[in-house]
RNA sequence: GGAGACGUCGCAUAGUCCGGUCGAGUGCACCACCCUGCUAAGGUGGAGAGGGGUUUGACCCCUCCGUGGGUUCAAAUCCCACCGUCUCCGCCA
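In my numbering, the protein residues as written are 32 to 453.
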């Protein structure tokens, strides 16, 4: 939820943000109107309520013979209070609904436009080249019996898979590498719940435009999370945090579930786009004025991971129209996938400023009382990374060199050979 | 799944039977100051959250006793539902 004070005092900033997202400017006018109506309704209700409170005291203090007459009067007042309260509650609900439909205000410098209007900030590392026919990640993995798509489909349907043998070990190694690096950077490791209540899912901003993407368990009124960002944001809901000593940083490992509705026919081969995968996610609570610096740090840790794995990548500044509801700015790190001749997203880091925190009631004590904190998130590793690792480090005989950083997590294994791996 | 107990402003508690004096008392912790020859003890005062108004004054008002309803002129207190915690029983990968 955006700052109501900003809406009232600087609506132009909100309008410009909507324009750069290519989103509706009309909702800004709706929100302003709802805010004004809300305040008027509250003022009227509170005036009547104050009157009723004062009257109640008279009734309590009155001698017995006068009480009946006073109570008769008070009954009328009570009716007026009740209806004014109803008006006030309705106005408040309408305001909340309206303002929540406004996505976060984008930061200065974010490129305007849609999906293809990103700005490339840098390209890092040399793209691998091969003097043989490169195999794609699935062909390589099948040589090691590391990924089993057919049986995944048999058991669970399309876009499900088994990671087996070295495939399973490789993923665990990757996650452990990420966790150790996060630990060194001061993150607290967390394994969160992956089923969450509606208000938590709502609070993180995922029930808006991405509602179709989310698995929902009707019998229990719970949602399966598509990222541990959701439970990590909910972790401190309705709390006042002490961020005076610096940002509070969590590294959450979880399985992620995505319906991938509307992506029929896209990335159907292998594990690029699947319904279930694992992810190590960074999640940070800090003050609003430190958010942008922290965002750069998150990006730095992500790049450090890709570099340690010997991957070639680029960093893009995602355009306003392609930001999620909660994000004010987002950087993606995309790795080069040789057989696709393209960069594919491996990480994403968003600065949600105070948007999520305002919805979830997460505050800290500032100079003038409590203020919402800023929240940020960013990927540190996912199952998809296996695609880039396998393809980048493949050799002519179908074997794959294991990046040095991963070897300690695989008992020193240096190369995966077809047929021999387990 | 069944039975019972409980859920109060950081923590611990009083208050709930018999509705108005609870716009919530006390202890601990916390902050400021005082006293004290010093990381103790004592004293005084302060201090919660959300929202509205405003002559923008360190001022006024409204709301918050798990959540949501209800009864009432008036609810922490009465009624209903739900959520959570604990104990016991049952069942179970």
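Where a beta carbon is used, it is the ideal one built from N, C-alpha and C, also for glycine.
Item to complete: Using the Cα positions of residue 441 and residue 447, report the straight-line distance between them to the nearest angstrom.
Response: Approximately 11 Å, taken between the alpha carbons.
Discussion item. Measuring straight from C-alpha to C-alpha, what distance separates residue 311 and residue 285?
Written reply: Each residue's Cα considered, the two are about 7 Å apart.
Discussion item. For residue 367, list the residues DSSP reports as bridge partners.
Written reply: 374
Worksheet item: Taking DSSP as the reference, what is the three-state secondary structure of residue 457?
Response: Residue 457 is absent from the structure shown; the chain starts at 32 and stops at 453.
Fill in: Assigned secondary structure, residue 32 (DSSP; H/G/I helix, E/B strand, else coil)
coil
Discussion item. Contact defined as beta carbons within less than 8 Å: I believe residue 357 pairs with residue 321. What is the distance between those atoms, to the nearest angstrom?
Written reply: Residue 357 to residue 321, Cβ: 18 Å. No contact.
Worksheet item: Does DSSP put residue 429 in a helix, a strand or coil?
Response: In this structure, residue 429 counts as coil in the three-state DSSP scheme.
Worksheet item: How would you write the range of the alpha helix (DSSP H) that residue 48 sits in, first residue to last?
Response: 42 to 52
Item to complete: Assign residue 114 to one of two classes, buried (16 or more other C-beta atoms within 10 Å of its C-beta) or exposed (fewer than that).
Response: exposed
Practice prompt. Decide if residue 283 is buried, meaning its Cβ has at least 16 other Cβ atoms within 10 Å, or exposed.
Written response: buried
Discussion item. With a threshold of 8 Å on Cβ separation, who are the neighbours of residue 439 within its own chain once the five nearest residues in sequence on each side are excluded?
Written reply: none
Worksheet item: Is it a yes or a no for the stretch 199 to 212 touching the stretch 98 to 109, going by three-plus beta-carbon pairs under 8 Å?
Response: no
Worksheet item: Straight-line CA distance for residue 228 to residue 391?
Response: 13 Å
Practice prompt. Return the Cβ separation of residue 274 and residue 318 in integer angstroms, given the expectation that the two are a contact with Cβ distance under 8 Å.
Written response: 6 Å
Discussion item. Please report the straight-line C-alpha distance between residue 354 and residue 290, rounded to a whole angstrom.
Written reply: Computed Cα separation, rounded: 19 Å.
Worksheet item: How far does the beta strand (DSSP E) with residue 280 in it reach, from first residue to last?
Response: 279 to 288
Fill in: Candidates 256, 197, 204 and 329: closest to residue 313 by CA position
329
Discussion item. So if DSSP puts residue 317 in a beta bridge, which residue, or which two residues, is it bridged to?
Written reply: 405
Worksheet item: Is the number of C-beta pairs between the stretch 258 to 278 and the stretch 229 to 239 that are closer than 8 Å three or more?
Response: yes
Worksheet item: Can you check whether the CB of residue 351 is closer than 7 Å to the CB of residue 118?
Response: Between residue 118 and residue 351, the CB-CB gap reaches or exceeds 7 Å.
Worksheet entry | Nonlocal neighbours in the same chain, by C-beta distance under 6 Å from residue 315, ignoring five residues either side | 278, 280, 325 and 407
Fill in: residue 200: first and last residue of the uninterrupted alpha helix (DSSP H) it sits in
197 to 215
Worksheet item: Taking residue 349 as the reference, which of 48, 323, 380 and 372 has the closest Cα?
Response: Comparing Cα positions, the closest option is 380.
Item to complete: Specify the secondary structure class of residue 153 as computed by DSSP and reduced to three states.
Response: strand
Fill in: From 425, 248, 409 and 362, residue whose alpha carbon lies closest to that of residue 142
362
Worksheet item: Quick one: Cα of residue 154 to Cα of residue 399, how far?
Response: 43 Å
Worksheet entry | From 403, 419 and 410, residue whose alpha carbon lies closest to that of residue 33 | 403
Item to complete: Report yes or no: do the stretch 116 to 134 and the stretch 297 to 308 share at least 3 C-beta pairs separated by less than 8 Å?
Response: no
Discussion item. Buried or exposed, going by whether 16 or more other CB atoms sit within 10 Å of the CB of residue 164?
Written reply: exposed
Discussion item. My output table needs one value for residue 381: the three-state DSSP class, helix, strand or coil.
Written reply: Correct three-state label for residue 381: strand.
Discussion item. Let's test the definition: count the other Cβ atoms within 10 Å of the Cβ of residue 84 and tell me whether it reaches 16, buried, or not, exposed.
Written reply: So residue 84 counts as exposed.
Worksheet item: For residue 147, does the count of other Cβ atoms within 10 angstroms reach 16, so buried, or fall short, so exposed?
Response: So residue 147 counts as exposed.
Practice prompt. State the CB to CB distance for the pair residue 411 and residue 332, rounded to an integer number of angstroms; the pair is presumed to be in contact (CB under 8 Å).
Written response: 7 Å
Worksheet item: Is the number of C-beta pairs between the stretch 122 to 137 and the stretch 67 to 75 that are closer than 8 Å three or more?
Response: yes
Worksheet item: Among 97, 414 and 265, which residue has its Cα nearest to the Cα of residue 378?
Response: 414
Practice prompt. Pull up the distance between the alpha-carbon of residue 420 and that of residue 248, whole angstroms please.
Written response: 35 Å
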